[in-house]
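Please read the structure below before turning to the comments.
Residue numbers (our numbering): 178 to 640.
Given below as structure tokens:
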């Protein structure tokens with residue numbers, strides 16, 4: 178047929194991402210300005226986000242993401258985290274054209290028409306600000322910590338559930354992110370007065386108000402947990418939500434397409450037939466084809482400020498790619514490190530480094546093991562730990578991800594054993610041995626819970 182024209186390729190790239198996802202058959206539900214669907218590996222809570230305002234998509238439980246329809250289709254249908262090349266690229270373009278009603282034009286003048294649907298290009302894209310450099314993030318976030326308190330409900334949670342005293346919580350810099358908009362504005366004003374521009378700092382955004390534009394903090398209220406790099410610089414925060422978002426989940430041969438927060442269309446997955454309309458108040462719904470019900474969303478989210486004109490957010494910055502990792506160390510080490518600065522090697526030995534998920538779990542576990550723990554938000558992001566680990570030059574890395582992630586098929590992120598194999602290939606040539614910490618999932622889910630129950634994991638070296 179000849180070579181596909183550059184015009185056709187550009188049209189395929191610029192297909193509206195939501196439209197493409199619907200054509201593929203993805204179930205989508207909106208949280209804020211992001212539309213979420215489920216990862217290829219399967220999961221209970223959807224973590225692949227599509228942001229049509231900026232024309233980007235991101236696998237928040239892994240490392241995949243992109244800025245066009247070609248990358249999304251290749252991830253979704255071909256199940257690949259990389260951008261297609263050569264014959265794969267051409268095949269992907271052709272499939273998108275067929276799905277989305279794009280006429281394929283060839284350089285020799287020939288055409289292939291697909292008139293089954295009407296082509297829907299993405300709208301004008303608003304780009305978020307580039308994330309600020311690490312030194313700047315640490316400066317702003319350090320000032321923010323001085324402005325924000327840790328409120329009583331979070332002090333009690335840490336004490337009763339996590340077994341963390343208020344003194345330890347203060348040293349670890351946990352804080353309360355309040356819901357009250359006036360308080361957020363006043364705190365932001367004080368921070369801005371001290372450090373200057375907040376451009377490019379995730380969590381801070383320029384908003385449109387009754388009297389013009391103003392800066393504030395955005396996101397769901399909850400307890401803020403800092404992510405520190407191996408130089409003790411704060412690069413971001415996770416928020417443990419006070420109230421988890423409510424998502425709508427369909428199973429069986431059903432999928433849903435959200436019209437707005439309350440209303441959705443019900444579609445038969447196998448045929449694409451529209452079965453009807455419904456809203457949240459009618460849930461749960463049960464039919465021979467499957468069920469539709471409300472499910473609680475994630476417990477944690479990033480302190481981040483993506484642009485969202487619908488909510489009046491006109492200038493902001495996302496947590497970025499790569500997302501932060503967290504360096505968890507024993508409490509006395511953190512205190513000395515914060516007071517006396519310097520390299521971590523000056524404050525503790527790092528011949529053995531543990532890898533895990535969740536900053537809070539890492540902080541707790543580090544006080545039991547007396548070792549340095551590198552933590553990511555989820556097991557699927559483990560590759561972000563390679564660079565800091567290589568810098569630390571330990572003799573051994575111990576995988577200590579949640580017990581259920583070691584044996585559960587429907588898990589957020591990569592299978593732990595596959596991650597161990599890949600990490601071994603990266604680390605062993607550098608003289609770093611790899612081991613895995615294992616324990617029964619019926620005893621405890623996380624390493625922190627295991628230690629609180631006075632158990633220890635079994636450490637198995639990987640040859």
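Glycine included, every Cβ here is placed at the ideal spot set by N, Cα and C.
Practice task
Hey, could you find the ends of the alpha helix (DSSP H) residue 300 is sitting in?
Solution key: As a working mapping, residue 300 is identified with position 123 in the chain shown. Run containing residue 300: none; DSSP gives neither H nor E here.
Problem - Opposing strand residues paired with residue 207 [DSSP bridges] - result: Within the chain shown, residue 207 is the residue found at index 30, counting from 1. Looking at the DSSP assignment, residue 207 forms a beta bridge with 212.
Problem - Burial state of residue 566 (16 or more Cβ within 10 Å) - result: Position 389 of the chain shown, counted from the first residue, corresponds to residue 566. Per the 10 Å Cβ criterion, buried.
Handout entry: Range covered by the beta strand (DSSP E) that runs through residue 464
Key = Along the chain shown, read from residue 1 onward, the residue named residue 464 stands at position 287. Its beta strand (DSSP E) spans residues 462 to 464.
Handout entry: C-alpha distance - residue 590 paired with residue 500, whole-angstrom precision
Key = Translated into positions along the chain shown, residue 590 becomes position 413. Translated into positions along the chain shown, residue 500 becomes position 323. Bear in mind that the predicted position of residue 590 carries a pLDDT of just 39, short of 50, making it too unreliable to give a figure here.
Exercise for the section: Check whether the Cβ atoms of residue 576 and residue 593 sit closer than 8 Å, and answer yes or no. Expected result: Stepping through the chain shown from its first residue, residue 576 is reached at position 399. Stepping through the chain shown from its first residue, residue 593 is reached at position 416. Against a cut-off of 8 Å, the Cβ pair of residue 593 and residue 576 comes out as a contact.
Handout entry: residue 603 versus 534, 564, 182, residue with shortest Cα-Cα distance
Key = Sequence index remark: in the chain shown, residue 603 carries index 426 (1-based). Among 534, 564, 182, the Cα nearest to that of residue 603 is on 564.
Exercise for the section: Could you please give me the residues that DSSP links to residue 550 through a beta bridge? Expected result: On the chain shown, position 373 is the one that residue 550 refers to. BP columns for residue 550 point to 505, 531.
Problem - Spatially closest choice to residue 419 from 328, 404, 376, by CA coordinates - result: On the chain shown, position 242 is the one that residue 419 refers to. The residue with the shortest Cα to Cα distance from residue 419 is 328.
Problem - Residue ranges of each alpha helix (DSSP H) within the region 341 to 401, 4 or longer - result: 343 to 349, 358 to 372
Exercise for the section: Under the assumption that residue 652 contacts residue 277 (Cβ atoms under 8 Å), give the Cβ distance between them as a whole number of angstroms. Expected result: With the chain covering 178 to 640 only, the question about residue 652 has no answer from this structure.
Handout entry: residue 587, buried or exposed, once every other Cβ within 10 Å from all chains shown has been counted against 16
Key = What you label residue 587 is simply residue 410 of the chain shown in a count that begins at 1. Low confidence applies to residue 587: its pLDDT is 43, below 50, so where it sits in the model is not reliable, and the reading given next is rough at best. Per the 10 Å Cβ criterion, exposed.
Practice task
Flag this pair as yes or no: are the beta carbons of residue 331 and residue 351 separated by less than 8 Å?
Solution key: Within the chain shown, numbered from 1, the residue matching residue 331 stands at position 154. Within the chain shown, numbered from 1, the residue matching residue 351 stands at position 174. Cβ atoms of residue 331 and residue 351: closer than 8 Å.
Problem - In chain order, each beta strand (DSSP E) run of at least 3 residues that lies wholly inside the region 398 to 448 - result: 399 to 405, 411 to 418, 423 to 427, 431 to 435, 440 to 445
Problem - Distance, residue 614 Cα to residue 637 Cα - result: Looking up residue 637 in the chain shown gives position 460. Looking up residue 614 in the chain shown gives position 437. The alpha-carbon atoms of residue 637 and residue 614 are separated by roughly 6 Å.
Handout entry: Length of the line joining the Cα atoms of residue 237 and residue 266
Key = Walking along the chain shown from the start, residue 237 turns up at place 60. Walking along the chain shown from the start, residue 266 turns up at place 89. Answer to the nearest angstrom: the Cα atoms are 24 Å apart.
Handout entry: Cβ shell of residue 585 (< 7 Å), same chain only, five flanking positions each side left out
Key = The residue labelled residue 585 in the question sits at position 408 within the chain shown. The pLDDT assigned to residue 585 is 49, lower than 50, so where the model puts this residue is not dependable; a value taken from the coordinates is nonetheless given after this. Once the five neighbours on either side are set aside, residue 585 has no close Cβ partner at all.
Problem - residue 606 beta carbon less than 8 Å from that of residue 497 - result: The sequence position of residue 497 within the chain shown is 320, counting from 1. The sequence position of residue 606 within the chain shown is 429, counting from 1. In this structure, residue 606 does not lie closer than 8 Å to residue 497 by Cβ.
Problem - N-terminal and C-terminal residue of the alpha helix (DSSP H) that residue 626 is part of - result: If you number the chain shown from 1, residue 626 lands on position 449. Residue 626: member of the alpha helix (DSSP H) spanning 624 to 629, first to last residue.
Problem - As assigned by DSSP and simplified to three states, the class of residue 591 - result: Numbered from its first residue, the chain shown carries residue 591 at position 414. Annotation note: pLDDT 46 at residue 591 (below 50); position unreliable, no value reported.
Exercise for the section: Kindly indicate which three-state DSSP category residue 574 falls into: helix, strand or coil? Expected result: Along the chain shown, read from residue 1 onward, the residue named residue 574 stands at position 397. Looking at residue 574 - three-state DSSP - the assignment turns out to be strand.
Exercise for the section: Locate the beta strand (DSSP E) running through residue 491, then write down its first and last residues. Expected result: Within the chain shown, residue 491 is the residue found at index 314, counting from 1. Note, residue 491: beta strand (DSSP E), 490 to 492.
Problem - residue 255 versus residue 217 - alpha carbon distance - result: Start at 1 with the first residue of the chain shown, and residue 255 comes out as number 78. Start at 1 with the first residue of the chain shown, and residue 217 comes out as number 40. One C-alpha to the other measures close to 10 Å.
Problem - Start and end residues, alpha helix (DSSP H) containing residue 190 - result: Counting from 1 along the chain shown, the entry for residue 190 is found at position 13. That run of the alpha helix (DSSP H) goes 183 to 190.
Exercise for the section: Using 10 angstroms around the beta-carbon of residue 517, count the other beta-carbons present and answer buried if the total reaches 16, otherwise exposed. Expected result: Within the chain shown, residue 517 is the residue found at index 340, counting from 1. By the 10 Å Cβ count, residue 517 comes out exposed.
Exercise for the section: Decide if residue 229 is buried, meaning its Cβ has at least 16 other Cβ atoms within 10 Å, or exposed. Expected result: Position 52 of the chain shown holds residue 229. Buried, by the Cβ-count rule.
Practice task
Could you please give the first and the last residue of the uninterrupted alpha helix (DSSP H) stretch that includes residue 327?
Solution key: For the purposes of this step, residue 327 is taken as the residue at position 150 of the chain shown. First-last for residue 327: undefined, no H or E at that position.
Handout entry: Buried or exposed by the 16-neighbour rule on C-beta atoms within 10 Å, applied to residue 451
Key = As a position in the chain shown, residue 451 is number 274, starting the count at 1. Looking at its Cβ environment, which holds fewer than 16 other Cβ atoms inside 10 Å, residue 451 is exposed.
Exercise for the section: Would you identify the three-state DSSP class for residue 282, choosing helix, strand or coil? Expected result: Taking the first residue of the chain shown as 1, we reach residue 282 at position 105. Correct three-state label for residue 282: strand.
Exercise for the section: Can you tell me which of the three DSSP states residue 256 falls into? Expected result: Here residue 256 refers to the residue found at position 79 when the chain shown is read from its first residue. The answer is coil: DSSP assigns residue 256 none of H, G, I, E or B.
Handout entry: Assumed close pair residue 250, residue 272 - CB separation to whole angstroms, cut-off 8 Å
Key = In the chain shown, the residue the question calls residue 250 occupies position 73. In the chain shown, the residue the question calls residue 272 occupies position 95. Yes, they are in contact, since the Cβ atoms of residue 250 and residue 272 sit about 7 Å apart, within 8 Å.
Problem - Run of the alpha helix (DSSP H) containing residue 264, from where it starts to where it stops - result: If you number the chain shown from 1, residue 264 lands on position 87. First-last of the alpha helix (DSSP H) with residue 264: 263 to 277.
Handout entry: Cutoff 8 Å: residue 413 Cβ touching any chain C Cβ
Key = Protein chain content of the structure displayed is limited to a single chain, and chain C is not contained in it.
Problem - Buried versus exposed, by CB contacts within 10 Å (16 or more), residue 630 - result: Residue numbering aside, residue 630 sits at position 453 when the chain shown is read from its first letter. Exposed, since its Cβ has fewer than 16 Cβ neighbours within 10 Å.
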